[in-house]
Every structure is written in structure tokens, then in C-alpha cells.
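So the structure is just underneath, and the comments pick up after that.
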Amino acid sequence: MPNINEFLGAKPAKDSIKNLEKIMGSKPCSKCELDSEEYYWDPINFIMTWTCKTGHLNTVKVNL
Ligand SMILES: [Zn+2]
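Using my numbering, you'd call the opening residue of the sequence shown number 1 and step up by one each time.
Dropping the structure here:
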């Protein structure tokens, strides 16, 4: 039986992108006044990601 921690640590970035959930909802940009109308939820790493209309990438790690 493989070590579960080892398995999660070896996860390639491509896989976590595939697992992102697209959620409709307004999110404010931390760098400008423009909002994003949707965001992506990463249920494995607990990270919310969104890009505003200017193209700024916002990433928030949620501590549960
Ligand atoms: Zn912005």
C-alpha cells in the first residue's frame, strides 16, 4: 500500500488544474478596481484562484 503523503506530494501541477472547480461569483482584485466574475476552487489544496479583467492573478489559500 503506497504512503498517502508521498502520493499527494508527488502530484503534478497539471492534475490540480484538472481538479479545479469553476464557480460563478464576483471576486475583487487585490491589485486594481476590476472584479473577476468567476473563480476557481482547488478542493485538494484549498486554494481559490481568479483573474481580474486586467489579467491580475489572485490566489488565496484557505485555512480550514
Ligand atoms: Zn486587477
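Even for Gly, the Cβ is constructed at its ideal location relative to N, Cα and C.
What is the C-beta distance between C52 and N45, in whole angstroms, given that I count them as a contact (C-beta under 8 Å)?
Contact flag wrong, Cβ pair sits at about 21 Å.
Work out the CA separation of Y40 and T61 for me, nearest whole Å.
Here the sequence assigns Lys to residue 61, which means Thr is not the residue at that position. Here the C-alpha atom of K61 lies approximately 12 Å from the C-alpha atom of Y40.
S26: buried (16+ other C-beta within 10 angstroms of its C-beta) or exposed?
By the Cβ-count criterion, S26 is exposed, with fewer than 16 other Cβ atoms from all chains shown falling within 10 Å of its own Cβ.
Look at the alpha carbon of P43 and the alpha carbon of K18, and state the distance between them as a whole number of angstroms.
Rounded to the nearest whole angstrom, the CA to CA distance from P43 to K18 is 11 Å.
Using a Cβ-Cβ distance cut-off of 7 Å, determine whether E21 contacts chain D.
Within the model displayed, chain D is absent; a lone protein chain is all it includes.
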